[in-house]
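A.B. asks:
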Amino acid sequence: MTDVRYNLRLVGKSLRRDPWFTLVMVLGQALSVSIFVTALTTSQRYANMTGQVRGDVFRVERDPNAALMRFYRGTQFEVFGEFSANYVSVPTVRALGATGLPTASTVNFVSVATGGPVEGPANRLPVRFCDAGFFEIFDVAFRYGGPFTRADERTSPPVPVVVLSDLLNQKLYAGADSTGRTIRISGRDFRVAGVMRQRAGKLNLWDFGVAPENIANVVVPFAFADVLRPMPVFSYPPVAANEGWRAIAESPSGVTEYWLRLPAGEARTQIEAVLASIGPQWLLRSANEIAARFSKPPPPYRIFVILTLVVLEVSVINLMRMLLAKATSRAAEIGIHRALGAGRNVIFMRQLLEGVVVSMVGSVLGLALAMPTVTMFDRLIPDLPVRLAVTPAIVATTLLICLLAGLVSGIYPAWRIASVAPTRYLGKI
Amino acid sequence: MSTPVPTLKMAKIGKVYRTGLVETAALEDLSLEVGRGDFVSLMGPSGSGKTTFLNIAGLLDTFDRGRYTLDGVDVSGLSDDQQSRLRNERIGFIFQSFNLIPDLDVYDNIEVPLRYRRLPAGERRDRVEEVLVQMGLTARMRHLPSQLSGGQQQRVAIARALVGRPQLLLADEPTGNLDTIASRQVLDLLEKINAERETTIVMVTHDPALAARARRKLHVLDGRLIDPAAREHAAS
Chain A
-6 MTDVRYNLRL VGKSLRRDPW FTLVMVLGQA LSVSIFVTAL TTSQRYANMT GQVRGDVFRV
54 ERDPNAALMR FYRGTQFEVF GEFSANYVSV PTVRALGATG LPTASTVNFV SVATGGPVEG
114 PANRLPVRFC DAGFFEIFDV AFRYGGPFTR ADERTSPPVP VVVLSDLLNQ KLYAGADSTG
174 RTIRISGRDF RVAGVMRQRA GKLNLWDFGV APENIANVVV PFAFADVLRP MPVFSYPPVA
234 ANEGWRAIAE SPSGVTEYWL RLPAGEARTQ IEAVLASIGP QWLLRSANEI AARFSKPPPP
294 YRIFVILTLV VLEVSVINLM RMLLAKATSR AAEIGIHRAL GAGRNVIFMR QLLEGVVVSM
354 VGSVLGLALA MPTVTMFDRL IPDLPVRLAV TPAIVATTLL ICLLAGLVSG IYPAWRIASV
414 APTRYLGKI
Chain B
27 MSTPVPTLKM AKIGKVYRTG LVETAALEDL SLEVGRGDFV SLMGPSGSGK TTFLNIAGLL
87 DTFDRGRYTL DGVDVSGLSD DQQSRLRNER IGFIFQSFNL IPDLDVYDNI EVPLRYRRLP
147 AGERRDRVEE VLVQMGLTAR MRHLPSQLSG GQQQRVAIAR ALVGRPQLLL ADEPTGNLDT
207 IASRQVLDLL EKINAERETT IVMVTHDPAL AARARRKLHV LDGRLIDPAA REHAAS
């Protein structure tokens, strides 16, 4: 430990001797790290959804419509084709709910209404309809207040309470605690029961939709659908806007996701039997399996990350050259240390430490530089469904990569300078 | 009664520098024995092999043939790490250009060899303070080398060489960059160290007046050692 402290002190003195050179080394590293962090942050938003829900949560799906998939295959809408398979009709939801088998279940669909805080003018207001089971199934964390409950839904008429997503609370109430405030939706007043907490820089499993409305919305009990008469943002086969909620709710068109918790294997089998009676294409897909589809970021983002890794690699090579130049300019001093008893391994380790210090300082500065860059990305692309955030996982990944980069960039100069005979430089200081 | 082990014993040491196809013999069959407490001066024209000898003696350079034992230890089979440890524990260097580390102050410069010996902090402090007092450098202990005169810098270098209490002190033109007064002071100091501590000193110099102050005077010519005393003895 004392050795490390002493070596760090000598490395610090060495770096301070030529501050501009050191600054160029650190800045070079910092810039490439900030680009890398920005790419990683952007890509990670769509990745790693595993662990959000327990293993006994399922979604009702069907095989993607073959004709639709053929139509979309090879186009940017291919995902959209698969996406349609996640939607079920309201009669199917009712049939499954009537079995009483799920310990919790929820519909989940988004609509757009008119409304907002009663104090202000009415605006376009994205609304998510779901059941109280939604908060239990997805183990939703709250920033303020709490969820609406099954009891709220079951009273007649249902208790007019809603929950705000973090992002909508930010928009409507500047992020303040809005519990107890009143929001008017399609002419009806609702009390805000709570504000959900958004995972930093990450999509939620239930948010993974195609529209920005998926993130910034007000969560309304499904029990109010008959009153608010929503027009789902997505439906397949499509339903016409003029059909009205009653017709939509009775049609076989898929308008909502349906999630269930089925802890018992027997209940699962029975639900599958019910699904089979509705149609052969219906199945239960486990939430873990759904999350696994998004274990990696989409290809364009992966390519972006790989490109920035190439930039980082170039910066490592550049750092290696600069460290070597710096070490050579300090060779006389290294010769003295050798004469005074420092072995090759001591010189090697100290030189390696210098590479790691430069790389780590550069990476910390790069992380700091990445914050405004990420914010700038957010502002340049306002329709991003979730705010980008440099999460602790990204910070840890970056620091680990930079530690490796520091070791890699330091090894060659360290080896070169440690293998030179001390007599070559003595007397030149 | 057993014969005391010589501090430095070289037998038929040869060293050749190779640059492409050109080979230059720096030392040829150099044999020398320096006993404990000796004060030896080494003179010779430029390129005669004095510095090569000093580098080999100080384990800073390797040799091609022959045998070298330092304080009874045969150095030829030692690893770099073992040589570094031996160098640190038994040899002190004094260079013509002082070779102080510019970023470190006087105290830290003197402490460097003790750091590599991994002595406890308290012992390091005691030893450094002791040599600071001996060299009259206590008031300058927080000065950087650039804030000192040439004579003071050389005293720091001597303090650094002595702090590890080496058996062998190798001095390469220790007064080469000093004025007359400072040169005399440095020589007085070396004589005192030699007398009081029984430290063996091998000093390379161009100056016959300085060489004359050593107890034993050697000459190197074309990589070979000439001992004037031995020659006179042979002539008589």
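These protein sequences, in sequence, are chains A and B. Read in order, the letters of the first sequence are residues -6 to 422 in the numbering used here. Read in order, the letters of the second sequence are residues 27 to 262 in the numbering used here. Here a beta-carbon is modelled for each residue, glycine too, at the ideal position from N, C-alpha and C.
I need the straight-line Cα distance from A:Ala97 to A:Leu255, nearest angstrom please.
C.D. replies: Locating residue 97 of chain A in the first sequence gives position 104, counting from the first residue. Locating residue 255 of chain A in the first sequence gives position 262, counting from the first residue. Rounded to the nearest whole angstrom, the CA to CA distance from A:Ala97 to A:Leu255 is 8 Å.
A.B. asks: Note down the Cα distance separating A:Gly93 from A:Thr34, rounded to an integer number of angstroms.
C.D. replies: As a working note, residue 93 of chain A is residue 100 in the first sequence. As a working note, residue 34 of chain A is residue 41 in the first sequence. Using only the alpha carbons, I get a separation of about 42 Å.
A.B. asks: As a quick exercise: from A:Val226, A:Pro273, A:Ile296, A:Ala285, pick the residue whose alpha carbon is nearest that of A:Leu198.
C.D. replies: To locate residue 198 of chain A, count along the first sequence from 1; it is residue 205. Comparing Cα positions, the closest option is A:Ala285.
A.B. asks: Could you check what DSSP says for B:Glu224 in three-state terms: helix, strand or coil?
C.D. replies: Numbered from its first residue, the second sequence carries residue 224 of chain B at position 198. B:Glu224: coil per DSSP, three-state reduction.
A.B. asks: So, helix, strand or coil for A:Val188, using DSSP?
C.D. replies: As a first step, residue 188 of chain A is located in the first sequence; it is residue number 195 there, counting from the start. DSSP, reduced to helix, strand and coil, places A:Val188 within a strand of the structure shown.
A.B. asks: Indicate whether at least one CB of chain A lies closer than 8 Å to the CB of B:Ile127.
C.D. replies: Counting from one through the second sequence, the residue named residue 127 of chain B turns up at place 101. Interface residue, yes.
A.B. asks: How would you write the range of the alpha helix (DSSP H) that B:Thr95 sits in, first residue to last?
C.D. replies: By 1-based counting over the second sequence, the position of residue 95 of chain B is 69. DSSP places B:Thr95 outside any alpha helix (DSSP H); the residue lies instead in the beta strand (DSSP E), whose first and last residues are 91 to 96.
A.B. asks: Terminal residues of the continuous beta strand (DSSP E) containing A:Trp275?
C.D. replies: As a first step, residue 275 of chain A must be located in the first sequence, where it is residue number 282. Start and end: 275 to 279.
A.B. asks: Alpha carbons only, please: which of B:Pro32, B:Thr88, B:Ala208, B:Pro146 is nearest the one belonging to B:Gln122?
C.D. replies: Looking up residue 122 of chain B in the second sequence gives position 96. Here the closest residue by C-alpha is B:Ala208.
A.B. asks: Tell whether a beta-carbon distance below 8 Å holds between A:Tyr39 and A:Glu250.
C.D. replies: The residue labelled residue 39 of chain A in the question sits at position 46 within the first sequence. The residue labelled residue 250 of chain A in the question sits at position 257 within the first sequence. No. Outside cutoff.
A.B. asks: What does the alpha-carbon distance come out to for the pair B:Ile219 and A:Pro406?
C.D. replies: Here the question's residue 219 of chain B lines up with position 193 in the second sequence. Here the question's residue 406 of chain A lines up with position 413 in the first sequence. Cα-Cα distance, rounded: 40 Å.
A.B. asks: Can you list the alpha helix (DSSP H) stretches of 4 or more residues lying completely in the region 120 to 144 of chain A, in chain order?
C.D. replies: Complete alpha helix (DSSP H) runs here, min 4: 126 to 130.
A.B. asks: How about A:Ile422: is its C-beta nearer than 8 Å to some C-beta of chain B?
C.D. replies: Position 429 of the first sequence, counted from the first residue, corresponds to residue 422 of chain A. Note that A:Ile422 scores 36 on pLDDT, short of 50, meaning its location in the model is unreliable and no value can be drawn from it.
A.B. asks: Taking its Cβ as the centre, do 16 or more other Cβ atoms sit within 10 Å of B:Met36, making it buried, or is it exposed?
C.D. replies: Within the second sequence, residue 36 of chain B is the residue found at index 10, counting from 1. So B:Met36 counts as buried.
A.B. asks: Where does A:Arg417 sit, in a helix, a strand or coil, going by DSSP?
C.D. replies: The sequence position of residue 417 of chain A within the first sequence is 424, counting from 1. Three-state result, A:Arg417: helix.
A.B. asks: Decide yes or no for the touch test of the region 389 to 408 of chain A against the region 70 to 83 of chain B: beta carbon pairs closer than 8 Å, at least 3 of them.
C.D. replies: Between the region 389 to 408 of chain A and the region 70 to 83 of chain B there are fewer than three inter-stretch CB-CB distances shorter than 8 Å, so the stretches are not counted as touching.
A.B. asks: Grab the span of the beta strand (DSSP E) containing B:Lys41 for me, first residue to last.
C.D. replies: Translated into the one-based positions of the second sequence, residue 41 of chain B becomes position 15. Start and end: 34 to 45.
A.B. asks: Report all residues from its chain with a CB closer than 7 Å to the CB of A:Ser402; omit the five preceding and five following residues, and keep chain order.
C.D. replies: Locating residue 402 of chain A in the first sequence gives position 409, counting from the first residue. Excluding sequence neighbours, A:Ser402 sits near Val309, Leu312, Met313, Leu316, Gly348, Ser352.
A.B. asks: Below 8 Å, can you find three or more Cβ-Cβ pairs linking the region 194 to 203 of chain B to the region 231 to 245 of chain B?
C.D. replies: yes
A.B. asks: Which residue or residues does DSSP assign as beta-bridge partners of A:Pro225?
C.D. replies: One-based indexing of the first sequence puts residue 225 of chain A at position 232. Partner(s): A:Ser104.
A.B. asks: Are the CB atoms of A:Asp159 and A:Arg190 nearer to each other than 8 Å?
C.D. replies: Here residue 159 of chain A refers to the residue found at position 166 of the first sequence. Here residue 190 of chain A refers to the residue found at position 197 of the first sequence. With respect to the 8 Å criterion, A:Asp159 and A:Arg190 are classified as neighbours on the basis of their beta carbons.
A.B. asks: Looking at chain B, is there any beta carbon in it that lies within less than 8 Å of the beta carbon of A:Trp13?
C.D. replies: Residue 13 of chain A sits at position 20 when you count from the first residue of the first sequence. Interface with chain B (8 Å Cβ-Cβ cutoff): A:Trp13 is excluded.
A.B. asks: How long is the line joining the alpha carbons of A:Ala389 and A:Gly187, rounded to whole angstroms?
C.D. replies: Taking the first sequence and counting its residues from 1, the one referred to as residue 389 of chain A is at position 396. Taking the first sequence and counting its residues from 1, the one referred to as residue 187 of chain A is at position 194. If you take the alpha carbons of A:Ala389 and A:Gly187, they lie about 32 Å apart.
A.B. asks: Please go through the region 197 to 241 of chain B and give each complete alpha helix (DSSP H) segment of 4 or more residues, from N-terminal end onward.
C.D. replies: 206 to 223, 234 to 237
A.B. asks: So, is the C-beta of B:Ser72 closer than 8 Å to a C-beta in chain D?
C.D. replies: As a matter of chain content, chain D is missing from the structure shown, whose protein chains are A and B.
A.B. asks: Go ahead and pull the three-state DSSP assignment for B:Asp21.
C.D. replies: What the structure shows of chain B is the stretch from 27 to 262, and residue 21 of chain B is not part of that stretch, so it cannot be assessed.
A.B. asks: If you count every other CB in all the chains shown that lies within 10 Å of the CB of B:Leu247, and 16 or more means buried, which is it?
C.D. replies: Mapped onto the second sequence, residue 247 of chain B falls at position 221. Classification of B:Leu247: exposed, given that the 10 Å Cβ count is below 16.
A.B. asks: For B:Val138, return the contacting residues in chain A, with the cut-off set at a CB-CB distance below 9 Å.
C.D. replies: For the purposes of this step, residue 138 of chain B is taken as residue 112 along the second sequence, with counting starting at 1. Within 9 Å Cβ-Cβ: Ile329, His330, Leu333, Gly334, Ala335.
A.B. asks: Expressed to the nearest angstrom, what Euclidean distance is found between the alpha-carbon atoms of A:Ile28 and A:Ser412?
C.D. replies: Taking the first sequence and counting its residues from 1, the one referred to as residue 28 of chain A is at position 35. Taking the first sequence and counting its residues from 1, the one referred to as residue 412 of chain A is at position 419. One C-alpha to the other measures close to 35 Å.
A.B. asks: Just checking my contact of B:Asn114 with A:Leu345 at CB under 8 Å: how many whole Å lie between their CB atoms?
C.D. replies: By one-based count along the second sequence, residue 114 of chain B stands at place 88. By one-based count along the first sequence, residue 345 of chain A stands at place 352. About 21 Å separates the two Cβ atoms, so there is no contact after all.
A.B. asks: CB-CB under 6 Å to A:Val53, same chain, minus the five flanking residues each way: which ones, in chain order?
C.D. replies: Residue mapping note: residue 53 of chain A aligns to position 60 of the first sequence, counting from 1. The residues are Val81, Tyr251.
A.B. asks: Using beta carbons (cut-off 8 Å, strictly below), is B:Ser110 in contact with chain A?
C.D. replies: Taking the first residue of the second sequence as position 1, residue 110 of chain B is located at position 84. B:Ser110 counts as touching chain A.
A.B. asks: Distance check for A:Ala234 and A:Ala424, CA to CA, integer angstroms please.
C.D. replies: Outside the shown range of chain A (-6 to 422) lies residue 424 of chain A, about which nothing can therefore be said.
A.B. asks: Pairing CB atoms from the region 14 to 26 of chain A with CB atoms from the region 163 to 176 of chain A, are three or more of them under 8 Å?
C.D. replies: no
A.B. asks: What is the rounded straight-line gap between the Cα of A:Arg177 and the Cα of A:Val152?
C.D. replies: Your numbering for residue 177 of chain A matches position 184 in the first sequence. Your numbering for residue 152 of chain A matches position 159 in the first sequence. Computed Cα separation, rounded: 14 Å.
A.B. asks: Round the Cβ separation of A:Phe128 and A:Pro140 to the nearest angstrom and send it over; I've been treating them as touching at under 8 Å.
C.D. replies: As a working mapping, residue 128 of chain A is identified with position 135 in the first sequence. As a working mapping, residue 140 of chain A is identified with position 147 in the first sequence. With 8 Å as the limit, A:Phe128 and A:Pro140 qualify as a contact, their Cβ atoms being about 4 Å apart.
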